[in-house]
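So for the sequence shown, my numbering puts the first residue at 137; every next one is plus one.
For glycine and all other residues, C-beta sits at the position ideal for the given N, C-alpha and C.
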Amino acid sequence: METKLKIAVQKSGRLYEDSLKLLKECGIGVKNGMNKLKVEAENFPLEIYFLRDDDIPQYVADKVADIGIVGENVLYEKQKDCPVVLPLGFGKCRLSIAIPKESNYTGAAFLQGKNIATSYPNLLQQYLSKNKIEAIIHEISGSVEIAPGIGLADAIADLVSSGSTLFQNGLAEAEIILRSQAVLIRHQTLSTEQEEILARLVFRIQSVQKARDNKYVLLNAPNDNIEKICSLLPGMRSPTVLPLAEAGWSSVHSVISETAFWDIIEQLKAAGAEGILIIPIEKMIA
Ligand code: PRT
Ligand code: ZN
Numbered sequence: 137m138e139t140k141l142k143i144a145v146q147k148s149g150r151l152y153e154d155s156l157k158l159l160k161e162c163g164i165g166v167k168n169g170m171n172k173l174k175v176e177a178e179n180f181p182l183e184i185y186f187l188r189d190d191d192i193p194q195y196v197a198d199k200v201a202d203i204g205i206v207g208e209n210v211l212y213e214k215q216k217d218c219p220v221v222l223p224l225g226f227g228k229c230r231l232s233i234a235i236p237k238e239s240n241y242t243g244a245a246f247l248q249g250k251n252i253a254t255s256y257p258n259l260l261q262q263y264l265s266k267n268k269i270e271a272i273i274h275e276i277s278g279s280v281e282i283a284p285g286i287g288l289a290d291a292i293a294d295l296v297s298s299g300s301t302l303f304q305n306g307l308a309e310a311e312i313i314l315r316s317q318a319v320l321i322r323h324q325t326l327s328t329e330q331e332e333i334l335a336r337l338v339f340r341i342q343s344v345q346k347a348r349d350n351k352y353v354l355l356n357a358p359n360d361n362i363e364k365i366c367s368l369l370p371g372m373r374s375p376t377v378l379p380l381a382e383a384g385w386s387s388v389h390s391v392i393s394e395t396a397f398w399d400i401i402e403q404l405k406a407a408g409a410e411g412i413l414i415i416p417i418e419k420m421i422a
């Protein structure tokens, strides 16, 4: 029988769509059998298990699944021994301590002796211990943000992304405990064949990520300025320079990183570049 790798992904919720989109961008088709626990990928030796995110570290630690996609917040809260293979760049949020906005907050010492409601008791306790604060942790499983309003707690520790949930509940972010994103995790040991499948998957994910982080740039420039322009464009090796039909002009093609993008564009224009086109890259194989 063909060896397969079992991957655990969130069944529904905030990580579900991005997880499946990533697999799709890696050329791995997943027919979404409604409400199925397990689905075979169409063109890659992968079996997808759909689970609650809270259960994913345990399943991977127990090797029910070989690898999984889960938020760092859940991974570190559950304290399971699952190595991180690579960060995935989605599901970004932070685990923060928040307090009623009218509080007179002067620093973490404010929390001394307070009641703090959270679904992340382990991460909160680690933070408090590190900062030598003694507080009472109330573990609750949902709607943590309403705890101060109903008199259940003086503060909360919960996930924040835009901050609008805190705002709506009259709370303000006081301390960040953890910055989190979705990560690919693995069981400690895999068979040689499974390691090979994982390496193929990681290679595809990295190609997708590199493509996302980079843009293809095309521009026209007078030949006299080509040297200056090429020095601004590192590219995968060096820029491609092609003559244009118009004498004395060339077309330059290269790849630039999304982050350096606006700076470089301004410098290119200053160096005489015209007709600059920036094009997304579908996949990038180093
Ligand atoms: O059913 P299952 O247990 O699988 O799902 P779940 O309800 O436990 O998790 P889900 O789908 O809400 O979140 C899955 C993962 O997404 C989390 O573990 C995080 O890694 C990540 N993530 C990213 C978030 C958020 N952003 C987020 N904003 N998870 C939850 N939130 C919640 C937060 O708890 C709060 O209620 O959104 C609210 C705050 O959002 P803002 O934008 O108002 O600040
Ligand atoms: Zn959950």
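Mind checking who residue i pairs with in its DSSP beta bridge?
{"i": "Asn350", "result": "Ser393"}
{"i": "Asn251", "result": "Ile272"}
{"i": "Arg230", "result": "Val296, Arg315"}
{"i": "Ile235", "result": "Ala308"}
{"i": "Ile321", "result": "Gly204, Val220"}
Taking the alpha carbon of residue i as the reference point, which residue from the options has its own alpha carbon closest?
{"i": "Asn361", "options": "Val338, Arg340, Leu404, Ala335", "result": "Leu404"}
{"i": "Ser279", "options": "Arg340, Asp294, Gly408, Lys268", "result": "Asp294"}
{"i": "Pro358", "options": "Ala383, Asp290, Leu337, Ile205", "result": "Ala383"}
{"i": "Tyr352", "options": "Lys160, Gln215, Asn251, Ile401", "result": "Ile401"}
{"i": "Asp190", "options": "Lys157, Gln330, Ser277, Glu394", "result": "Ser277"}
{"i": "Gln424", "options": "Glu161, Leu380, Leu141, Val166", "result": "Lying outside 137 to 422, the shown extent of the chain, residue 424 is not represented and no answer is given."}
{"i": "Leu182", "options": "Val200, Val166, Ile321", "result": "Val166"}
{"i": "Lys216", "options": "Gly227, Ile192, Ser239, Phe226", "result": "Ile192"}
{"i": "Ile203", "options": "Trp398, Val338, Ser390", "result": "Val338"}
{"i": "Ile286", "options": "Leu378, Lys142, Val200, Asn251", "result": "Asn251"}
{"i": "Ser155", "options": "Thr139, Asn171, Tyr185", "result": "Tyr185"}
{"i": "Leu158", "options": "Ala407, Gly227, Thr242", "result": "Gly227"}
{"i": "Ile282", "options": "Ala422, Gln248, Gln304, Arg336", "result": "Gln304"}
{"i": "Lys237", "options": "Leu334, Ile365, Ile392, Leu307", "result": "Leu307"}
{"i": "Val210", "options": "Pro416, Arg188, Ser390", "result": "Arg188"}
{"i": "Thr395", "options": "Asn350, Tyr241, Ser387", "result": "Asn350"}
{"i": "Val319", "options": "Ile333, Lys364, Leu173, Ile341", "result": "Ile341"}
{"i": "Leu141", "options": "Ala289, Asp290, Ile164, Ser390", "result": "Ile164"}
{"i": "Ile333", "options": "Asn179, Met420, Ala409", "result": "Asn179"}
{"i": "His389", "options": "Leu378, Ser343, Ala347", "result": "Leu378"}
{"i": "Trp385", "options": "Leu355, Ile273, Ala347", "result": "Leu355"}
{"i": "Glu470", "options": "Glu275, Glu331, Glu410", "result": "Residue 470 lies beyond the residue range present for the chain, which begins at 137 and ends at 422; the question has no answer from this structure."}
{"i": "Ile421", "options": "Arg373, Ala409, Asn171, Leu259", "result": "Arg373"}
{"i": "Glu138", "options": "Ala144, Tyr241, Gln330, Leu259", "result": "Gln330"}
What three-state label does DSSP hand residue i in the structure shown?
{"i": "Arg150", "result": "coil"}
{"i": "Leu413", "result": "strand"}
{"i": "Lys142", "result": "strand"}
{"i": "Ile400", "result": "helix"}
{"i": "Ala245", "result": "helix"}
{"i": "Ser387", "result": "strand"}
{"i": "Ile341", "result": "helix"}
{"i": "Ile421", "result": "coil"}
{"i": "Leu326", "result": "coil"}
{"i": "Val222", "result": "The sequence as given places Leu at residue 222; Val does not occur at that position. Strand."}
{"i": "Ala406", "result": "helix"}
Does any heavy atom of the ligand COA sit closer than 8 Å to the C-beta of residue i?
{"i": "Gly149", "result": "Here the bound small molecules are the ligand PRT and the ligand ZN; the ligand COA is not part of this structure."}
Counting Cβ pairs, one atom from each stretch, are 3 or more of them under 8 Å apart for the segment 303-316 and the segment 190-205?
no
Contained beta strand (DSSP E) runs [length at least 3] in the segment 254-319, N- to C-terminal order:
272-275, 291-296, 307-316
Please give the ranges of any alpha helix (DSSP H) in the segment 354-381, keeping only runs that are unbroken, at least 4 residues long and fully inside the region.
362-368
Taking only runs that begin and end inside the segment 154-209, name each unbroken beta strand (DSSP E) of 3 or more residues, in chain order.
Correct list: 174-176, 182-187, 203-207.
For the 8 Å Cβ check, are there 3 or more pairs between the segment 214-223 and the segment 269-279?
no
Quick check: the segment 324-334 against the segment 245-264, are at least 3 beta-carbon pairs closer than 8 Å?
no
Check whether the segment 298-312 touches the segment 230-242, counting contact only when three or more Cβ pairs, one atom from each stretch, lie closer than 8 Å.
yes
For the segment 285-300 against the segment 240-260, are there 3 or more C-beta pairs whose distance is under 8 Å?
Cβ pair count under 8 Å is three or more, so yes.
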